[in-house]
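Scroll down for the structure; my scribbles are underneath it.
Here you go:
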């Protein structure tokens, strides 16, 4: 252990003060804290250990009118041997006696027992930094029990204790595993609403997103990444088909008016969340149709235009007004818009061509402009010999589009190596399949002309290195190593710039490096004017623009002084379940992992390349999700029994039910507020005719924690059960009440048939791991045994 200061205050108030104001941790009498400190399990090592041993008045057992009162510093040995406890609450005495060994019970306290840290060996293993042991509760992002030793772990799934890699990698921070779980359960509506919390256009992002979420998917450590995009598309299409259910107009207007200049994905996202909460939203769009890059820049074979139109129609049905063919800066000034609205968002994108100073550059064509023409149904072949300069996704779209329009030869040339290209691997593979030649490691040097002054080709210079030692873009060229390619048209796809001419005279909105300067919350230098999307960052992905749109909506709402947006009110805490045993699902599910891609000879400009998943296929793919979390089980025997007795816990700040303190989180310390200390436990009196039991299975009679425990309480009147409470311990990350079984037992006779049915109901929904299925049968036996009254 590292050095720390030890102190033993003589009052609760002093204990609380130290815990609130200093980097301190509480010691309650037992030995658990020693292991926690030795193994460095706390997020930060404490400077001070605060003992409760000298605080008076916290070590007592007494019977009062409202039940049994036990001080938090009362030892487990005192509880196990107390005549008062044995007389009215014998099962609590049994639970206390089952803990550890006689020597430990004489020091361990009831307060410390219910607040103890978990006992999983993956968590307790020292030196887990560096990947030796992957633990979601520490530096890792996966529970090693998922694919490792898991005999003693949860059979009712995992608890979310960290942000999963898929959610971390997603710019919108979509809770992917939550909606996968709902799809597995057949709750498509719930899954749809989860994704709508952060992304109103999953039908679009699923088709065009780079899917960063799949890059960090823990499933890839077992076989292949979960195909998040295909499942997201299934959900997105479902949302569009039922848009009247999911994208409703607000019940009340709040009287505030918002203007959004530009209808790209950031602006549309902000419009959705603001309108959802009662704002009047008007979107100004320069083009004839709204959608920005979604409508004009992304080819129809990747994003069918009817998908964008359906989404726009759903927004219009919500009451969002689109004023198209309106050029802000010419048809109307930004000052006029600003005066007519309570707040303004700027999402004008990056549509201008950047000039790089290339000799003969004026004879080339801007790749984005080419895509805009194609999306405006100008479907002419650009040329016979086409050279595309650039290596990003836009360049890929340009090259593939040229091939599909009939160009016999399309060559793509970029600075980066094949591995370093900014384009997605999926897009690279598609281009190669369609016989686009990709040439890596060259930068443009000059446009070549024929005798009539027309383009005949382009000269490139070698680029042996693109990034410098710090990882920044700083290409190095070999001017003597050149390459010439024949071409009758050069399509430049090496960047885009923002057109900021509409800002002239507009309250001096500050810009930098050709973009609108946006501070935290996407606010600009002008109060009430916000900006989001590519106009502030430069060209980025659609899903990043979606994230920027939501962030901007939140900031606009705060600026306007509104209450929380509807999206902010959504409850985020959801139960988490783990994957079933690998052998039962993997082989069938992997067949559905990849969406069906049309063969190259069937691909065209006017139909989508990729087919979607059916509902059964989406459910099968969702079943592959690990739903990453912690599979460790709750360690406290006392907690199981207190939950069954419906006990009350009084702290230095409030009074909580046993369920609120002991079953709300995997760590009681996270439920307690900073400086909050458990003072007293109150166990209500039991009704006449009540039988309570604590049954615990472990490999040894002492020391060991429960492999499985059943805490039960039954009240019988006139031969039938009138009250039933069953808590299962060591089956889940928190003590788990068997509520279905409890409800079934009311009014039943406690016979063998009733006990068998209750046991089945209690274990309904269990999803064991590879080595712990035995717990299901064991729990059923113990529950049946508990009903032998």
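Residue numbers (the numbering used here): 66 to 854.
Yeah, the Cβ is synthetic: ideal placement off N, Cα and C, and Gly gets one too.
On a predicted model such as this, the values are computed, not experimentally measured, just so you know.
Query: What runs of the alpha helix (DSSP H), each 4 residues or longer, lie entirely inside the region 412–491?; Result: 432–440, 458–469
Query: Quick check on DSSP: helix, strand or coil for residue 310?; Result: helix
Query: Taking only runs of the alpha helix (DSSP H) that begin and end inside the region 682–761, which ones reach a length of at least 4 residues, in chain order?; Result: 702–709, 723–727, 733–736
Query: Taking buried to mean at least 16 other C-beta atoms within 10 Å of its own C-beta, is residue 876 buried or exposed?; Result: The question about residue 876 has no answer, for the chain in this structure spans 66 to 854.
Query: Which runs of the beta strand (DSSP E) fall wholly inside the region 314–376 and span at least 3 residues, in chain order?; Result: 322–326, 345–349
Query: With residue 542 as the anchor, note down where its beta strand (DSSP E) starts and where it stops.; Result: 538–551
Query: Can you list the alpha helix (DSSP H) stretches of 4 or more residues lying completely in the region 254–310, in chain order?; Result: 267–273, 293–306
Query: Let me know if residue 855 comes out buried or exposed under the rule of 16 or more other beta-carbons within 10 Å of its beta-carbon.; Result: In this structure the chain extends from 66 to 854, so residue 855 is not present and cannot be described.
Query: By how many angstroms is the C-alpha of residue 466 removed from the C-alpha of residue 561?; Result: 19 Å
Query: Please classify residue 194 as buried or exposed, where buried requires at least 16 other C-beta atoms within 10 Å of its C-beta.; Result: Because residue 194 sits at a pLDDT of 44, beneath the cut-off of 50, its placement in the model cannot be relied upon, and the following sentence gives the value as read from the coordinates. So residue 194 ends up on the exposed side.
Query: Can you tell me the Cβ-Cβ gap for residue 327 and residue 229, rounded? I've got them flagged as a contact below 8 Å.; Result: Contact doesn't hold; Cβ gap of about 33 Å is too wide.
Query: By Cβ distance, which residues of its chain are closer than 6 Å to residue 855, with the 5 residues on each side in sequence left out?; Result: Residue 855 lies beyond the residue range present for the chain, which begins at 66 and ends at 854; the question has no answer from this structure.
Query: Among 702, 731, 742, which has the Cα closest to the Cα of residue 721?; Result: 742
Query: Checking 9 Å against the spacing of the C-beta atoms, do residue 791 and residue 823 come in under that value?; Result: yes
Query: Thinking residue 674 and residue 367 are a contact (beta carbons under 8 Å), I'd like their distance in whole angstroms, please.; Result: 7 Å
Query: With a threshold of 16 other CB atoms inside 10 Å of the CB of residue 497, please say whether the residue is buried or exposed.; Result: exposed
Query: Closest to residue 155 by C-alpha separation, out of 756, 537, 811, 838, would be which residue?; Result: 756
Query: Please list the terminal residues of the continuous beta strand (DSSP E) segment that includes residue 507.; Result: 507–514
Query: Contact between the region 252–267 and the region 278–288 is defined here as three or more beta-carbon pairs at a separation below 8 Å; is this criterion met?; Result: no
Query: Could you tell me the distance, in whole angstroms, from the CA atom of residue 171 to the CA atom of residue 691?; Result: 42 Å
Query: Using 8 Å as the cut-off, can you tell me whether the region 541–558 makes contact with the region 570–587, which would need three or more C-beta pairs spanning the two stretches below that distance?; Result: no
Query: In three-state DSSP terms, what is residue 810?; Result: helix
Query: What residues match up with residue 522 in a beta bridge as DSSP calls it?; Result: 513, 551
Query: I need the straight-line Cα distance from residue 310 to residue 219, nearest angstrom please.; Result: 37 Å
Query: From the DSSP output, which residues share a beta bridge with residue 140?; Result: 174
Query: By the 10 Å Cβ neighbour count, where 16 or more other Cβ atoms means buried, how is residue 566 classified, buried or exposed?; Result: exposed
Query: One question on the structure: do residue 798 and residue 696 come within less than 9 Å of each other, judged by their Cβ atoms?; Result: yes
Query: On the three-state DSSP scale, how would you describe residue 634?; Result: helix
Query: In its own chain, which residues sit with a C-beta less than 7 Å from the C-beta of residue 257, not counting the 5 before and 5 after it?; Result: 300, 303, 304, 311
Query: Quick one: what does DSSP say residue 225 is sitting in, helix, strand or coil?; Result: coil
Query: Name the DSSP bridge partner or partners of residue 576?; Result: 581
Query: Please state whether the Cβ-Cβ distance between residue 843 and residue 160 is less than 9 Å.; Result: no
Query: In terms of residue numbering, what span does the beta strand (DSSP E) encompassing residue 116 cover?; Result: 113–116
Query: Within the chosen definition, does the region 801–811 reach the region 824–837 through at least 3 CB pairs nearer than 8 Å?; Result: yes
Query: Mapping DSSP to helix, strand and coil, what is residue 655?; Result: Its pLDDT being 46, under 50, residue 655 is placed unreliably in this model, and the coordinates cannot settle the point.
Query: With 16 as the cutoff for other CB atoms within 10 Å, does residue 784 come out buried or exposed?; Result: exposed
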